[in-house]
Amino acid sequence: MKDMDSRIPRTMPIQSATFTNEINAEIRRAAATGIYDIRGGGAKRRVPHFDDLLFLGASVSRYPLEGYRERCDTSVTLGTRFAKNPIKLDIPITIAGMSFGALSGPAKEALGRGASAAGTSTTTGDGGMTPEERGHSTKLVYQYLPSRYGMNPNDLRKADAIEIVVGQGAKPGGGGMLLGQKISDRVADMRTLPKGIDQRSACRHPDWTGPDDLEIKILELREITNWQVPIYVKVGATRPYYDTALAVKAGADVVVMDGMQGGTAATQDVFIEHVGLPTLSCIRPAVQALQDLGVHREVQLVISGGIRTGADVAKALALGADAVAIGTAALIALGDNDPKWESEYQKLGTTTGAYDDWHEGQDPAGITTQDPDLAARVDPVDAGRRLRNYLKVMTLEAQTIARACGHNHLHNLEPEDLCALTMEAAAMAKVPLAGTDWYPGKAGF
Amino acid sequence: MQTFDVAENGLRELNQTLQAQSVDTNQTNWEVKNPKGSHAIAVGLDAPIEVTVKGSTGYYCAGMNQQATVRVEGSVGPGVAENMMSGTVVVEGDASQYAGATGHGGLLVIKGNASSRCGISMKGIDIVVQGNIGHMCAFMAQAGNLVVCGDAGDALGDSLYEARLFVRGSVKSLGADCVEKEMRPEHIEILKDLLDRAEIDAKPEDFKRYGSARNLYNFDVDNSAAY
Ligand SMILES: Cc1cc2nc3c(=O)[nH]c(=O)nc-3n(C[C@H](O)[C@H](O)[C@H](O)COP(=O)(O)O)c2cc1C
Numbered sequence: 001m002k003d004m005d006s007r008i009p010r011t012m013p014i015q016s017a018t019f020t021n022e023i024n025a026e027i028r029r030a031a032a033t034g035i036y037d038i039r040g041g042g043a044k045r046r047v048p049h050f051d052d053l054l055f056l057g058a059s060v061s062r063y064p065l066e067g068y069r070e071r072c073d074t075s076v077t078l079g080t081r082f083a084k085n086p087i088k089l090d091i092p093i094t095i096a097g098m099s100f101g102a103l104s105g106p107a108k109e110a111l112g113r114g115a116s117a118a119g120t121s122t123t124t125g126d127g128g129m130t131p132e133e134r135g136h137s138t139k140l141v142y143q144y145l146p147s148r149y150g151m152n153p154n155d156l157r158k159a160d161a162i163e164i165v166v167g168q169g170a171k172p173g174g175g176g177m178l179l180g181q182k183i184s185d186r187v188a189d190m191r192t193l194p195k196g197i198d199q200r201s202a203c204r205h206p207d208w209t210g211p212d213d214l215e216i217k218i219l220e221l222r223e224i225t226n227w228q229v230p231i232y233v234k235v236g237a238t239r240p241y242y243d244t245a246l247a248v249k250a251g252a253d254v255v256v257m258d259g260m261q262g263g264t265a266a267t268q269d270v271f272i273e274h275v276g277l278p279t280l281s282c283i284r285p286a287v288q289a290l291q292d293l294g295v296h297r298e299v300q301l302v303i304s305g306g307i308r309t310g311a312d313v314a315k316a317l318a319l320g321a322d323a324v325a326i327g328t329a330a331l332i333a334l335g336d337n338d339p340k341w342e343s344e345y346q347k348l349g350t351t352t353g354a355y356d357d358w359h360e361g362q363d364p365a366g367i368t369t370q371d372p373d374l375a376a377r378v379d380p381v382d383a384g385r386r387l388r389n390y391l392k393v394m395t396l397e398a399q400t401i402a403r404a405c406g407h408n409h410l411h412n413l414e415p416e417d418l419c420a421l422t423m424e425a426a427a428m429a430k431v432p433l434a435g436t437d438w439y440p441g442k443a444g445f
Numbered sequence: 001m002q003t004f005d006v007a008e009n010g011l012r013e014l015n016q017t018l019q020a021q022s023v024d025t026n027q028t029n030w031e032v033k034n035p036k037g038s039h040a041i042a043v044g045l046d047a048p049i050e051v052t053v054k055g056s057t058g059y060y061c062a063g064m065n066q067q068a069t070v071r072v073e074g075s076v077g078p079g080v081a082e083n084m085m086s087g088t089v090v091v092e093g094d095a096s097q098y099a100g101a102t103g104h105g106g107l108l109v110i111k112g113n114a115s116s117r118c119g120i121s122m123k124g125i126d127i128v129v130q131g132n133i134g135h136m137c138a139f140m141a142q143a144g145n146l147v148v149c150g151d152a153g154d155a156l157g158d159s160l161y162e163a164r165l166f167v168r169g170s171v172k173s174l175g176a177d178c179v180e181k182e183m184r185p186e187h188i189e190i191l192k193d194l195l196d197r198a199e200i201d202a203k204p205e206d207f208k209r210y211g212s213a214r215n216l217y218n219f220d221v222d223n224s225a226a227y
């Protein structure tokens, strides 16, 4: 090789913004294995989010409420439209559906304990209802999924609400996935499947398609459960206005709208990053649909996908949601991706905060696994307490903001309390860009 | 015999009345008049009662049935006996799509033909069809038996798990990972019992058995065209 002539100036090595190291590594991985990347979690790319909104707080024209002294209520009732027994929650933050199978038994128990102590509900997932979860959740929402694993009328009647899952924000249009490593004897038995196979559950319901069928399906479920419990319809955020309107028309009590940052136990990375709408962009259209049909607050709207803080909760509510649901954040509160497992994450070729191979069942934190030794790392009482604390903190944070805006209930937060930091967020949330009185799409803009 | 008129007293009262029957009820025989294609007739039952529906029904007749015997003297709409757990459902006429979908147990007998996706995602139910079945039947079927005395449409047993399929007539095409398998004596036994219970006069020896080749159970890039 010829030595470089040090007298001639050279172009610096430039990394491509298109062919990044991450992209190139993925091309090499795909070339070597022949299979797409599967992972857990939600979209990791940056998309417009609640961070792009700010609250205005009180001013001369709006007076604030005294922190600690003046009440700011946080309760919410879900399912007031048709159900005889709506769900009354102390806080507007619920635990989203996460399956036993994806999560370990102790993790599910911890979710039940933490949520119950904070006065809110948990949700089953693909794979059915476990006694641990029913026993430790004062309010349990039972998911009705395309796979219908473990579905039976006895559990259906034990539920405090039923959630018909049409889609998930992480993968609207995709079904469940639980790879062989996690199909233990118990999981296989609950799902009526052979042990150790890769389980790909259906993306569509087996016995209905479209909104007209959905209406009949809801009727059947109500008839079976004697019109007692609320029926939610969960959709991944794609066409939020029409999906909300159609769910209302089909007879839903509650619409759950899950944005693209929403977590999943496992699916293709390409699905997580490239399908669906950011959470921020789906709230106003969903609320608009409810308002146009005259059922805003009568049919409740639950928003999920990337909710992390009390500020996120307050912003979702200010945009018109009645409650939020959390998945990933709840797992982190239980101990997921905790720095104390860093050396083990390193051994798995990853690092704290980036660990997302939840489908492989080797979770050092013992949460997304069916390995009994790893699962034993979760103490359900301890982890449940951490989740309760976290839920309380989020609630306190949301109350702090609401009081500063002069509201005596979180539900009195309104879009007028908000401004946006970016044009994108202003357009999506339909609130003015900070310091202006306009947003893209507003007449006169 | 108790008689219930759907036209007069409505669906809500029908299901409430039938669901209220307990295991030791002495009102064991029910006749349901004027179903007139209503949806969700006799759903969520959970007692060893006999219900005869005098006419045709809409969607999800006898959905999630447990213990009860429901006989429909007519045809049924989509999703008859969906997610049935136990008991027996007999349809004298034809069945629309998704008959017996996701059923976990019990016996569904269709004396006429069944449309597409019969036995989709079945999880232990036994289904006996005296006539023909449509396309994509037993899609992703996990457990149980599907017996067809007539012919089967396209893509029978696509992405099948451990359910057994028995067909006497022709099969238009098999779905991904579904193959013909040897009829062993234990299969003849299973089939004989099912035909007896369905009160259908047919010889088990005339049927062929189909099941999963189990090639798609774990992902293999060389099978990617089949997914
Ligand atoms: C481990 C895990 C398992 C999940 N399992 C299910 C499921 O079985 N059914 C479902 O509807 N959603 C499932 N989800 C999605 C959540 O219900 C929820 O939509 C999502 O987690 C909300 O977004 P977040 O994670 O950003 O809070 C799962 C999510 C995670 C993280």
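So the protein lines, in turn, are chains A and B.
Just so you know, we're using the working numbering here: the first sequence kicks off at 1 and counts up by one.
Just so you know, we're using the working numbering here: the second sequence kicks off at 1 and counts up by one.
The C-beta atom is built at its ideal place from N, Cα and C for all residues, glycine as well.
Only a predicted model underlies this, so the values are computations on that prediction, with no experimental measurement involved.
Beta carbon proximity, residue i to chain B, threshold 8 Å
i, result
"A/Arg-148", "yes"
"A/Thr-192", "yes"
"A/Asn-152", "yes"
"A/Gly-180", "yes"
"A/Asp-207", "yes"
Chain-ordered chain B contacts of residue i [CB-CB under 7 Å]
i, result
"A/Asn-85", "Going along chain B, no residue has its Cβ under 7 Å from A/Asn-85, so there is no contact; the nearest lies around 16 Å."
"A/Ile-197", "Tyr-217, Asn-218"
Helix, strand or coil at residue i [DSSP, three-state]
i, result
"A/Cys-282", "helix"
"A/Phe-50", "helix"
"A/Thr-209", "coil"
"A/Lys-2", "coil"
"A/Trp-341", "helix"
"A/Thr-400", "helix"
"A/Val-378", "coil"
"B/Asp-126", "strand"
"A/Glu-424", "helix"
"B/Gly-87", "coil"
"B/Arg-209", "strand"
"A/Met-98", "coil"
"B/Glu-63", "One point to set straight first is that residue 63 of chain B is Gly, not Glu, in the sequence displayed. Note: B/Gly-63 maps to coil in three-state DSSP."
"B/Asp-46", "strand"
"A/Met-394", "helix"
"B/Tyr-12", "In the sequence as displayed, the identity of residue 12 of chain B is Arg instead of Tyr. Helix at B/Arg-12."
"A/Met-257", "strand"
"A/Ile-296", "As written in the sequence, residue 296 of chain A is His, which differs from the Ile given in the question. Strand, per DSSP."
"A/Lys-430", "coil"
Partners in chain B for residue i, counting only beta-carbon separations shorter than 8 Å
i, result
"A/Ile-216", "His-39, Ala-40, Gly-58, Tyr-59, Tyr-60"
"A/Ala-202", "Ser-121, Met-140"
Cutoff 8 Å: residue i Cβ touching any chain A Cβ
i, result
"B/Val-128", "no"
"B/Met-85", "yes"
"B/Ala-143", "yes"
"B/Pro-78", "yes"
"B/Gln-66", "yes"
"B/Gly-211", "no"
"B/Gly-134", "no"
"B/Gly-153", "no"
"B/Val-253", "This structure gives no information on residue 253 of chain B, because the portion of chain B shown stretches from 1 to 227."
"B/Gly-55", "no"
"B/Gly-124", "yes"
"B/Glu-189", "no"
Beta-carbon neighbours of residue i, restricted to chain B and to distances below 9 Å
i, result
"A/Asp-243", "By Cβ distance, chain B contributes nothing, its closest Cβ being about 22 Å from A/Asp-243, past 9 Å."
Listed by chain order, chain A residues near residue i by CB distance under 9 Å
i, result
"B/Met-131", "Rather than Met, the amino acid found at residue 131 of chain B in this sequence is Gly. Ordered by position in chain A, no residue passes the 9 Å Cβ test against B/Gly-131, which lies about 20 Å from the chain."
"B/Val-221", "Thr-33, Gly-34, Ile-35"
Interface partners of residue i on chain A, CB under 7 Å
i, result
"B/Gly-157", "By Cβ distance, chain A contributes nothing, its closest Cβ being about 15 Å from B/Gly-157, past 7 Å."
Chain B contacts made by the region 21-37 of chain A, where a contact means CB separation under 8 Å: Thr-33, Gly-34, Ile-35
Members of the region 218-238 of chain A that neighbour chain B once the beta carbon cut-off is set at 8 Å: Leu-219, Glu-220, Glu-223, Ile-224, Thr-225, Asn-226, Trp-227
Cβ contact (3+ pairs, closer than 8 Å) linking the region 36-45 of chain A and the region 60-79 of chain A: no
Residues within the region 3-31 of chain B neighbouring chain A, beta-carbon criterion of under 8 Å: Leu-11, Arg-12, Asn-15, Gln-16, Gln-19
Residues from the region 89-105 of chain B in contact with chain A, defined by Cβ distance under 7 Å: Tyr-98, Ala-101, Thr-102, His-104
Meets three-Cβ-pair contact criterion under 8 Å: the region 81-88 of chain A and the region 258-275 of chain A: no
Contact between the region 8-25 of chain B and the region 63-80 of chain A (3+ Cβ pairs under 8 Å): no
At least three beta-carbon pairs within less than 8 Å, the region 378-397 of chain A to the region 107-116 of chain A: yes
Residues from the region 166-184 of chain B in contact with chain A, defined by Cβ distance under 8 Å: none
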